Every structure is written in C-alpha cells, then in structure tokens.
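Peer 1:
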Amino acid sequence: MSGAELTVGTWNVNSLRVRLPHLAQWLAATPLDVLGLQEIKLPDADFPGADLERLGLGGAWHGQKTYNGVALLAREPLAGVGRGIPGYGDPQARVIAGSVRGVRIVNVYVPNGQAVGSDKYAYKLEWLARLGAYLAGELARHPLLAVVGDYNIAPEDRDVHDPQAWEGQVHVSPGERAALGALLALGLVDVFRRFEQPERSYSWWDYRAAAFRRNAGLRIDLVLASSALAARCTGCRIDATPRRWERPSDHAPVLATFDLSA
DNA sequence: ATGGCTAACATGGTTAGA
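According to our numbering, the first sequence is numbered sequentially starting from 4.
Shown next as structure tokens:
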C-alpha cells in the first residue's frame, strides 16, 4: 500500500450510486493504492467525488448517463489522465488511464457482446482491435503498464464453471479469445495465473438461479501487466467478500500487488 | 424450461447486462 508496494484493484460495481456503501465498506477493510471501477452508470456531473475524497481517494472519471462509465481512483495524484481510446470516436465511456509512481494504469470496460454474430458482438471485436492498437503504443511509452478491468471474456475453460454449457457462447467464443490472445501477444500477462489459486475461481456470478451460492461463475475481470511489471507482481486475488453482502454487484473485485523497489 | 435477477429510466414496461 505504501513505499515500494503498489496495490491495484478493479471492480465492476454495476452502478456506483447503488454500490457506494459497499465500496466504502470494502475500502475500509482493503488496503489499496489504485482502483479501477467499471459500470459506474452515471454522468460526470453526478460523480460522488466528495464522498470518495472522504474515503481517501481522488482520481478521474469518464461517465455517461445510464450505461457504462469508468473511474480510476487513487490515493496519490494521477498523472497523464486520458479518457477513451485516442482516435476512436467511441460514444460509450469505457476507458480511463492514468499514472501513479511511474506505473501506467489503463482501466477498461470491454463491451459485453450480447450474442455471437450480433451487431454488439461485432462492436466488441472492433473495440478490442482498437484497444490493442492503443495498448501497443502505451506499452512502447510505459514499460510498467497494467491494464485492469472487466474484459467480458473468460480466458480459458478453467475460468468457466461449466465449459460445456458455455461452449461457443459470448464471453468464451473463439473470436473473443483470439482477441484477448492478441492483447496477450503484445506482451501482457494475466497475473492471476502467475500464482496458485483456488479451484473454480471466478469474478462474476449471474444474479439469477442462485449462481453465486452454486459458484456458477466466470472469471472475466482481469489484471494484465507488461512483462516488466508482471515480474514485480507479488500476488493477485479475487475478493468475493462483497458479493456475499446484501444487494451486491454481480462482479467481485480483483487485486494485484506489485513490488516497485527492484 | 431460452426462464431465473438487477439497474436505469420512468412510474409500466423496455433496454441491457453476462
């Protein structure tokens, strides 16, 4: 949390307005330096910046009415804040970036994709291609780069509670996995898998059909790191605690810690 | 069994999520 360590989190809160009490409760128990939020679902004018300041967090946000919206919160001032993918006139607020202690952090809310073959699926793949081109430039400028967020893609079958039932569906389709593979091929590492993890580790569970109680989930919230930053990663975990609370987000936060002293 | 649940916007029922 301080000195040589940097802890970065990511959490799809599914409405910051509704989840602000959970965020406060979780932050009180969870030391971190930087936190990317997705699906804040409010315009910038309604962003609860003063509430978050009371929780010790400043930062920057990129919101819109009703849908999407991302924020990058930090205990230290953010440098070089950027919103959206440069040169891509995306009307949906899905990306915000900033730097802390020489580490570049890009926070993403990848489109859902709805169904394979749909217009939204095509948008998802186009969006991921644009993200890849943007990240290639970010990697060239920032050796220490983390790309955190809700990817809406389960990287492998072990990230899916029932791979047979999900085969070919959106979030696991070959096209999406190829797009994620293209991001990894830039030199990014899914740091969660750098460490031993519990079997059946997921970060999202459907609200319906008692999915959380059955641990019927997907691991779709990821921390990707450049090779130089991944080499400094000392741990990565999913914190399912707030998913057990009353009126939860359907996603759990993910945390990764980096030792910057080396 | 193509549902189940939650949130925004609106104030009943649609859109969207994953």
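We put the beta carbon where it would ideally sit given N, CA and C, even for glycine.
The structure displayed is predicted, hence computed values, not measured ones.
Can you have a look at V106 and say buried or exposed, based on whether 16 or more other CB atoms are within 10 angstroms of its CB?
Peer 2: As a first step, residue 106 must be located in the first sequence, where it is residue number 103. It is buried - the Cβ of V106 has at least 16 other Cβ atoms within 10 Å.
Peer 1: Are S252 and V103 closer than 8 Å when you measure CB to CB?
Peer 2: Residue mapping note: residue 252 aligns to position 249 of the first sequence, counting from 1. Residue mapping note: residue 103 aligns to position 100 of the first sequence, counting from 1. For S252 and V103, no; Cβs fall outside 8 Å.
Peer 1: According to the neighbour-count rule (16 or more other Cβ atoms, all chains shown, within 10 Å of its Cβ), is G152 buried or exposed?
Peer 2: Looking up residue 152 in the first sequence gives position 149. With 16 or more other Cβ atoms within 10 Å, it is buried.
Peer 1: Do you know how far the Cα of A265 is from the Cα of R222?
Peer 2: Residue 222 sits at position 219 when you count from the first residue of the first sequence. Residue 265 sits at position 262 when you count from the first residue of the first sequence. Rounded to the nearest angstrom, the two C-alpha atoms are 30 Å apart.
Peer 1: With the cut-off set at 8 Å, would you say L40 and L19 are in Cβ contact?
Peer 2: As a working mapping, residue 40 is identified with position 37 in the first sequence. As a working mapping, residue 19 is identified with position 16 in the first sequence. For L40 and L19, yes; Cβs fall inside 8 Å.
Peer 1: When the distance is taken between beta carbons, is P89 closer than 8 Å to Y154?
Peer 2: Numbered from its first residue, the first sequence carries residue 154 at position 151. Numbered from its first residue, the first sequence carries residue 89 at position 86. The answer is no: Cβ separation not under 8 Å.
Peer 1: Measure from the alpha carbon of L26 to the alpha carbon of each residue in A259, T244, T237, L263, then state which is nearest.
Peer 2: Your numbering for residue 26 matches position 23 in the first sequence. Of A259, T244, T237, L263, the residue nearest in Cα terms is T244.
Peer 1: If I follow the unbroken beta strand (DSSP E) through A185, where does it start and stop?
Peer 2: Locating residue 185 in the first sequence gives position 182, where the first residue counts as 1. No beta strand (DSSP E) holds A185; the alpha helix (DSSP H) holding it covers 177-188.
Peer 1: Checking 8 Å against the spacing of the C-beta atoms, do V113 and K127 come in under that value?
Peer 2: Translated into the one-based positions of the first sequence, residue 113 becomes position 110. Translated into the one-based positions of the first sequence, residue 127 becomes position 124. Result yes, Cβ atoms of V113 and K127 sit closer than 8 Å.
Peer 1: Measuring CB atoms only, is the region 202-210 touching the region 178-190, in the sense that at least three cross pairs come out at less than 8 Å?
Peer 2: Taking 8 Å as the limit for Cβ pairs, the verdict is that the region 178-190 does not touch the region 202-210.
Peer 1: Tell me the DSSP bridge mates of S102?
Peer 2: Numbered from its first residue, the first sequence carries residue 102 at position 99. Looking at the DSSP assignment, S102 forms a beta bridge with A82, R107.
Peer 1: Determine the extent of the alpha helix (DSSP H) in which H164 is found, giving its start and end residues.
Peer 2: Position 161 of the first sequence, counting from 1, holds the residue named residue 164. Per DSSP, H164 belongs to no alpha helix (DSSP H) and is neither H nor E.
Peer 1: Sort R240, L60, L183 by Cα distance to Q200 and report the nearest one.
Peer 2: Position 197 of the first sequence, counted from the first residue, corresponds to residue 200. Nearest of R240, L60, L183 to Q200, Cα basis: R240.
Peer 1: With DSSP collapsed to three states, give me the class of R222.
Peer 2: Stepping through the first sequence from its first residue, residue 222 is reached at position 219. In the structure shown, R222 sits in coil (DSSP, three-state: anything other than H, G, I, E or B).
Peer 1: If you scan the region 26-102 from start to end, which runs of the beta strand (DSSP E) of 3 or more residues do you find wholly inside it?
Peer 2: Taking only runs of at least 3 residues, the beta strand (DSSP E) segments lying wholly in the region 26-102 are 37-41, 61-65, 73-77, 82-86.
Peer 1: For the region 171-186 against the region 54-61, are there 3 or more C-beta pairs whose distance is under 8 Å?
Peer 2: The answer is no - the region 54-61 does not touch the region 171-186, with fewer than three Cβ pairs under 8 Å.
Peer 1: In angstroms, rounded to a whole number, what distance separates the CA positions of D242 and G220?
Peer 2: On the first sequence, position 239 is the one that residue 242 refers to. On the first sequence, position 217 is the one that residue 220 refers to. Taking the straight line joining both Cα atoms gives about 14 Å.
Peer 1: Any idea what DSSP makes of A125, helix, strand or coil?
Peer 2: Here residue 125 is taken as the residue at index 122 of the first sequence, counted from 1. It is helical.
Peer 1: Going by the CB atoms, is the gap between P34 and T10 shorter than 8 Å?
Peer 2: For the purposes of this step, residue 10 is taken as the residue at position 7 of the first sequence. For the purposes of this step, residue 34 is taken as the residue at position 31 of the first sequence. Contact: yes.
Peer 1: Which value, in whole angstroms, describes the spacing of the CA atoms of A259 and L76?
Peer 2: Indexing the first sequence from 1 puts residue 259 at position 256. Indexing the first sequence from 1 puts residue 76 at position 73. One C-alpha to the other measures close to 15 Å.
Peer 1: Give me, in chain order, the residues of the same chain whose beta-carbon lies closer than 8 Å to that of G135; leave out the 5 immediate sequence neighbours on both sides.
Peer 2: Position 132 of the first sequence holds residue 135. Counting only Cβ-Cβ distances below 8 Å, and skipping sequence neighbours, we find A182, A185, L186, L189.
Peer 1: Tell me which residue opens and which closes the alpha helix (DSSP H) that A213 is part of.
Peer 2: Counting from 1 along the first sequence, the entry for residue 213 is found at position 210. Counting along the chain, A213 falls outside any alpha helix (DSSP H), and DSSP gives it neither H nor E.
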